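So the protein lines, in turn, are chains A and B.
Going by my numbering, the first residue of the first sequence is number 3, and it counts up by one from there.
Going by my numbering, the first residue of the second sequence is number 3, and it counts up by one from there.
Protein chains: 2
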Amino acid sequence: MKSDELQQRAINTIRFLAADAVEKANSGHPGLPMGMAAVAYLLWTQHMKYDPQHPEWPNRDRFVLSAGHGSMLLYAMLHLTGYDLSLDELKQFRQLGSKTPGHPEYGLTPGVETTTGPLGQGFANGVGMALAAAHLAAVYNREGFPLIDHFIYGIVSDGDLMEGIASEAASLAGHLKLGRLIYVYDNNHITIDGSTDLAFTEDRAKRFDAYEWQTISVDDANDLGKMDQALRAAKNDDRPSLILARSHIGYGLPTKQDTAAAHGEPPGEEELAGAKEKLGWPEEPRFLVPDDVRDHFNACTQAGREERTEWISLRKAYAKAFPELSAQFERTQAGEMPEDFERSLPVFEADKKGMATRVSSGKTLNALAGVLPELIGGSADLTGSNKTDIKGEPAITPELPGARYIHFGVREHAMGGMLNGMALTRGLIPYGGTFLVFSDYMRPSIRLAAMMGLRVIYVFTHDSIGLGEDGPTHQPIGQLAALRAIPKLHVLRPADANEAAYAWLSALQYREGPTALALTRQNVATLDRTKFAPAQELLKGAYVLADLGKGDPQLILMASGSEVGLIMQAAETLVEAGIAVRLVSFPSWELFKEQSESYRLSVLPTALKARIAVEAGATLGWKRWVGDGGIVIGLDRFGESAPYQEIYADLGLTPERIVREAKALLKVQ
Amino acid sequence: MKSDELQQRAINTIRFLAADAVEKANSGHPGLPMGMAAVAYLLWTQHMKYDPQHPEWPNRDRFVLSAGHGSMLLYAMLHLTGYDLSLDELKQFRQLGSKTPGHPEYGLTPGVETTTGPLGQGFANGVGMALAAAHLAAVYNREGFPLIDHFIYGIVSDGDLMEGIASEAASLAGHLKLGRLIYVYDNNHITIDGSTDLAFTEDRAKRFDAYEWQTISVDDANDLGKMDQALRAAKNDDRPSLILARSHIGYGLPTKQDTAAAHGEPPGEEELAGAKEKLGWPEEPRFLVPDDVRDHFNACTQAGREERTEWISLRKAYAKAFPELSAQFERTQAGEMPEDFERSLPVFEADKKGMATRVSSGKTLNALAGVLPELIGGSADLTGSNKTDIKGEPAITPELPGARYIHFGVREHAMGGMLNGMALTRGLIPYGGTFLVFSDYMRPSIRLAAMMGLRVIYVFTHDSIGLGEDGPTHQPIGQLAALRAIPKLHVLRPADANEAAYAWLSALQYREGPTALALTRQNVATLDRTKFAPAQELLKGAYVLADLGKGDPQLILMASGSEVGLIMQAAETLVEAGIAVRLVSFPSWELFKEQSESYRLSVLPTALKARIAVEAGATLGWKRWVGDGGIVIGLDRFGESAPYQEIYADLGLTPERIVREAKALLKVQ
């Protein structure tokens with residue numbers, strides 16, 4: 003252990019790297035880094051296991067800065083401990099093209115484990131990481147081979163604890179006894195609006211006791227001895243731990259410490275100078291890292307480097323001892339799919355009665371689960387409805403972390419955040435189910451999955467008024483459009499059982515972001531693919547099912563999901579009336595946009611302007627595909643409670659209406 | 003008190019009205035009504051104050067069925083207690099056009115206080131109602147005139163308690179000591195997936211203790227004596243109360259009671275007959291209401307009718323004693339605005355430097371607050387950023403419920419749910435602020451505000467990449483489009499200070515639904531309205547700011563919010579190049595759609611096909627306004643962290659780009 007004096011200077015180095023950066027950027031959050039510098043110091047120098055040269059080492063400890071606004075704390079730590087983040091990058095805090103954006107961004111900065119800032123998300127990510135770690139350990143570890151054996155640490159704020167997603171995730175973490183999860187709560191008594199007394203007076207320790215967490219209160223976050231003791235206690239308990247550390251926002255700032263003014267504004271030159279004087283730090287140079295402090299951090303990271311070297315040996319021995327498991331570990335960590343896995347996709351026979359796409363999705367999931375051990379997921383208490391269970395697989399419990407079905411409870415948002423944490427862990431392809439309408443509950447997590455480019459699969463069933471009697475509260479209207487508005491998210495709404503199978507394939511093959519599957523509650527016919535184009539064409543987003551009638555098509559009918567059945571019926575009538583019709587199945591705008599322009603024009607030729615799009619949801623955005631000459635039949639109102647056929651009829655989603663509109667468009671009787 | 007036997011038959015009447023209705027509909031949720039019939043009986047016959055002929059009596063007790071899937075419990079109670087809901091309506095459960103949809107719908111069925119079904123929402127609505135009741139009591143009650151003096155009761159389920167929104171709202175309810183709030187928790191140990199042991203093992207009583215609620219455990223929800231005692235204790239405590247009532251889902255069903263099968267499926271004929279036999283109920287006729295049971299309910303509602311009559315007398319005396327307050331009460335209960343209140347709207351002078359629309363919004367709010375005492379709201383811990391505070395007004399505390407600023411804490415979702423509860427209470431116009439990107443966190447509540455047609459105002463600031471350094475985590479991209487996808491929601495993105503003022507006017511005048519204001523963090527010029535059309539034109543959704551250049555316009559440039567400044571700059575250059583340009587400010591699609599076709603064509607003439615739309619958000623949906631011949635300049639990617647001017651430049655949202663694209667469109671150099 004180094005001298006107290008050196009430790010304190012190391013901690014002040016962190017504080018003032020952060021404060022100098024915020025001051026230079028004239029933007030940012032100095033309060034958290036200054037208040038929690040000692041905690042970060044302790045974690046990085048004495049508790050966390052990591053190798054800064056190998057930030058993707060699978061057995062590293064994870065660190066989640068759920069209070070992402072304190073990003074400079076993390077950047078300072080990554081710089082000081084030798085990650086690939088230069089002092090120049092710190093000086094470019096919050097500038098265009100830097101690796102030090104306002105909030106930590108996964109994939110941009112080495113060592114940043116997850117993108118945080120929207121409060122509560124990191125908290126749930128960490129729970130997902132802890133679940134993933136427990137699962138991977140159960141699956142891969144063997145006697146004498148602790149391949150996965152690490153902790154998830156985090157710093158969480160008042161804001162994190164107030165957010166509902168954190169409550170949901172905390173409850174589940176306690177239930178699942180995720181003992182490798184250790185959060186330090188930056189208990190600084192201050193939020194943006196002022197004192198926590200304004201709105202947050204609950205007994206936080208008692209609340210986490212109720213969730214079956216270990217809670218440890220520390221009266222001074224700057225007391226290294228007490229914090230160290232607390233962290234040791236946390237590691238030695240099989241429950242998740244919350245260390246409530248009384249801290250001081252903007253520690254050292256002469257007038258702003260312990261005030262909301264320290265939260266999210268530059269300290270100002272005078273205040274910054276005052277803090278440096280108070281803590282015995284030279285006013286200049288800015289961004290000072292004393293040599294002995296740098297040496298000290300270097301020395302502290304040595305143990306981690308060695309642990310990784312040992313792990314590499316272990317990994318090699320493991321490969322010899324368990325070649326199959328080892329290969330699976332290697333493949334799944336790399337995110338690769340097994341060769342020819344797509345052969346496992348089920349093929350559904352043509353069938354007029356058909357089945358709900360949630361059912362074909364479930365069958366596909368089960369077929370894939372057999373060849374993809376990395377598939378792991380569950381439902382927010384709608385297992386039977388979402389068809390997300392894997393037959394014969396038990397559910398994960400504290401005693402059975404190696405299982406791969408998760409009962410998330412009625413906690414959609416935590417599910418979303420946890421799926422992100424599981425995907426971030428690598429080695430797993432997580433999925434989660436709920437009703438499409440409740441995608442709203444988890445939308446902030448979906449957005450972050452997209453921003454991080456995580457392969458997460460959402461199984462959203464009951465995807466329209468077709469769910470029937472549950473009525474408007476449960477019938478999605480704007481949800482498809484709202485999901486389509488999220489960059490990088492793929493939204494897939496398959497039209498029949500075979501499209502549903504390929505939708506899963508598409509989701510698995512898309513490694514740069516999440517996929518939302520929108521699936522019916524009600525039966526849809528399984529198309530006869532000898533008469534219509536193969537379902538594999540789903541992978542192109544939109545495709546010509548068939549050109550019907552004589553001569554060149556006069557009209558394009560396009561639809562997604564269950565409404566493909568409607569346009570097919572309408573087409574029959576139109577063809578009988580002598581009108582040639584092109585039928586387009588349009589399961590995914592995003593996939594279609596990714597195709598070549600020539601392909602897109604081959605499906606939707608410029609010259610063919612008479613077009614009708616049909617979807618049982620908001621019409622928003624469809625105009626792009628039908629053009630000025632076309633019309634959109636959808637729903638810009640909330641639904642109804644009744645047997646679904648009656649709702650379709652009442653709201654005008656019928657073949658008859660389509661025929662009528664088509665004839666009007668073509669100006670024929 | 004009636005004989006036990008009659009009470010039990012009254013309770014069985016409730017159970018079997020519900021079970022018969024679900025069986026007839028072949029769809030629905032029998033479990034909750036059968037398990038909680040005794041609790042409902044007790045509430046409606048011995049605790050709740052209401053007059054079934056006057057379901058809008060302001061001083062009635064409210065009942066919130068947060069577990070909305072148990073709708074038949076509520077419908078049975080409303081029928082039996084004499085609300086305008088016939089037995090025939092009960093027989094039409096879940097049928098097209100009935101007043102008994104799958105989940106309770108506010109505005110459709112007399113006595114339904116809020117639309118529920120999406121779990122956790124009702125919980126938060128009730129907290130908002132309790133806050134509103136405390137506030138109205140403080141504002142209007144005078145010595146001897148307890149004008150507002152009622153409770154908010156509710157039944158909440160496992161699912162409600164698991165949802166994050168309920169955690170958020172519960173924490174705030176405890177903080178604010180909303181003692182008039184009394185929830186009975188249907189502690190039936192069963193969720194859809196099975197036993198609550200699967201995912202929900204936290205200590206719920208301890209958790210609510212931590213929130214500073216009174217918690218009372220009752221070991222048998224069917225024990226009228228114990229439940230009565232618990233309800234009395236709840237009423238006599240100044241904290242909100244949670245009564246954890248051990249219940250039995252599907253009580254009476256021979257094989258399905260206490261199983262997930264009782265939750266959401268018809269019992270089946272055999273099971274239904276078995277339950278009737280078990281509980282001593284005749285198998286036929288269905289929908290049986292014995293005469294003495296009906297008489298009993300009638301007798302029990304007599305007290306409420308009398309209380310209302312007394313209240314009417316009180317109300318008259320109040321009008322004499324406090325004519326001004328009385329008039330204000332009358333006006334605000336009716337939801338009417340004071341005459342000429344719009345004269346209070348501030349007028350902002352033309353100013354090139356201008357101000358952020360969040361600032362002009364704040365000034366407008368403050369001006370309106372002076373004449374509209376019913377304006378009440380707050381922010382999810384972003385008061386200074388959202389500019390939602392009313393100067394000089396203190397914040398609501400347990401001791402000061404009559405104040406009208408609310409520190410919601412970092413609890414966007416609870417804020418959304420509570421705003422709904424406050425609007426449902428009547429007499430208030432609630433508003434709430436957060437960053438636009440975090441509208442995602444409260445989206446399920448926004449959707450329900452729209453579905454219920456509630457006048458709620460969302461103050462969403464930091465509405466684009468224009469927020470700058472906080473970066474992509476905080477920069478909304480798809481949020482405007484996602485909000486536009488919600489039926490009945492008005493989305494307004496004003497372009498300058500005077501449009502911001504009229505945006506508030508629009509929100510106040512729109513009584514059929516909520517309004518979302520999207521406001522800038524950064525300054526925008528205040529337009530010179532002597533040169534451009536008046537800002538009042540915002541009320542039409544889109545309007546011609548000016549036709550610039552010589553002759554008829556060759557091009558339409560349209561934009562919303564801060565991007566209006568960009569098209570104005572681009573127009574200058576284009577006009578210099580000899581191109582005549584029409585400038586259209588487009589703050590609201592919804593308002594524009596509500597205009598006559600002739601007005602819409604006057605702004606966007608069919609013949610004028612060269613159009614460019616500019617908005618710093620997802621392009622989704624704009625194609626509708628620019629048509630096949632036009633282009634959309636927006637952002638279909640996540641943002642960046644940097645000073646905002648640099649982000650705009652880097653992402654191509656510049657006058658130069660618009661000029662270039664315009665010239666290309668017009669095929670001029």
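Just so it is clear, CB atoms sit at the ideal spot from N, CA and C, and this is done for glycine as well.
In this text the structure is predicted, and so the values were computed from the model without any measurement.
- Here B/Ile192 is bridged, per DSSP, to B/Ser197.
- Check the Cα spacing between B/Gly379 and each of B/Ala666, B/Val373, B/Asp391: the tightest is with B/Asp391.
- Between the alpha carbons of B/Leu138 and B/Ala132 lies a distance of about 10 Å.
- From the listed residues B/Gly632, B/Gly580, B/Ala505, the smallest Cα separation to B/Pro496 is found for B/Ala505.
- The beta-bridge partner set that DSSP reports for B/Asp549 consists of B/Arg584.
- Around A/Leu347, the same chain offers Thr366, Ala369, Leu370, Ala503, Tyr504, Trp506, Leu507 as residues with beta carbons nearer than 8 Å, after the five sequence neighbours per side are excluded.
- Contact between B/Val220 and B/Ala232 is confirmed by a C-beta separation of about 5 Å, below the 8 Å threshold.
- The three-state secondary structure of B/Thr203, taken from DSSP, is coil.
- Against chain A, the CB of B/Met424 has no partner CB under 9 Å away; the residue lies outside that interface.
- Between the alpha carbons of B/Gln55 and B/Ala323 lies a gap of roughly 28 Å.
- The DSSP-derived three-state label of B/Asn525 is strand.
- The beta carbons of A/Leu200 and B/Gly411 sit closer together than 9 Å.
- Ranked by Cα distance from B/Gln9, the first of B/Trp46, B/Gly580, B/Ala487, B/Val546 is B/Trp46.
- A/Gln216: member of the beta strand (DSSP E) spanning 216-220, first to last residue.
- Segment contact: the stretch 322-339 of chain A against the stretch 476-484 of chain A, fewer than three CB-CB distances shorter than 8 Å; contact not assigned.
- B/Ala416 has a beta carbon lying within less than 9 Å of a beta carbon in chain A.
- In the pairwise beta carbon analysis, the stretch 119-130 of chain A is classified as touching the stretch 418-437 of chain A: at least three pairs are separated by under 8 Å.
- DSSP, read as helix, strand or coil, puts A/Ala615 in strand.
- Among the bridge pairs identified by DSSP, B/Tyr407 is matched with B/Gly379, B/Ala397.
- DSSP lists B/Val186, B/Ile218 as the beta-bridge partner residues of B/Ile245.
- B/Tyr512 carries a coil assignment under DSSP once its states are collapsed to helix, strand and coil.
- At a cut-off of 9 Å between beta carbons, A/Tyr185 makes no contact with chain B.
- The C-beta separation of B/Ser562 from B/Phe588 comes to about 5 Å, placing the pair in contact by the 8 Å criterion.
- The stretch 642-650 of chain A makes contact with the stretch 98-110 of chain B; the number of CB pairs closer than 8 Å reaches 3 or more.
- Nearest to B/Gly372 by alpha-carbon distance, out of B/Val361, B/Lys389, B/Glu344, B/Phe350, is B/Glu344.
- Taking 9 Å as the threshold, the shortest C-beta distance from A/Ser381 to chain B falls below it.
- Counting only residues of its own chain and dropping the five nearest sequence neighbours on each side, A/Ile16 has a CB closer than 8 Å to the CB of Pro35, Ala39, Ala42, Tyr43, Leu75, Ala78, Met79, Leu82.
- Closest option to A/Ala27, judged by alpha-carbon separation, among A/Leu274, A/Ala544, A/Glu658, A/Pro268: A/Pro268.
- Using a Cβ distance threshold of 9 Å, B/His415 and A/Gly166 count as a contacting pair.
- Looking at the DSSP output, B/Val158 shares a beta bridge with B/Tyr187.
- Annotation: the stretch 105-186 of chain A contains the following complete segments of the alpha helix (DSSP H) (minimum length 4 residues), in chain order: 123-142, 160-164, 166-177.
- No Cβ-Cβ contact shorter than 9 Å links A/Ala452 with A/Gly364.
- Going by beta carbons, A/Thr193 and B/Asp472 fall outside the 9 Å limit.
- Between the alpha carbons of A/Glu309 and A/Tyr187 lies a gap of roughly 28 Å.
- According to the DSSP assignment, B/Ala69 belongs to no beta strand (DSSP E), since it is labelled neither H nor E.
- A Cβ of chain A is located within less than 9 Å of the beta carbon of B/Ala487.
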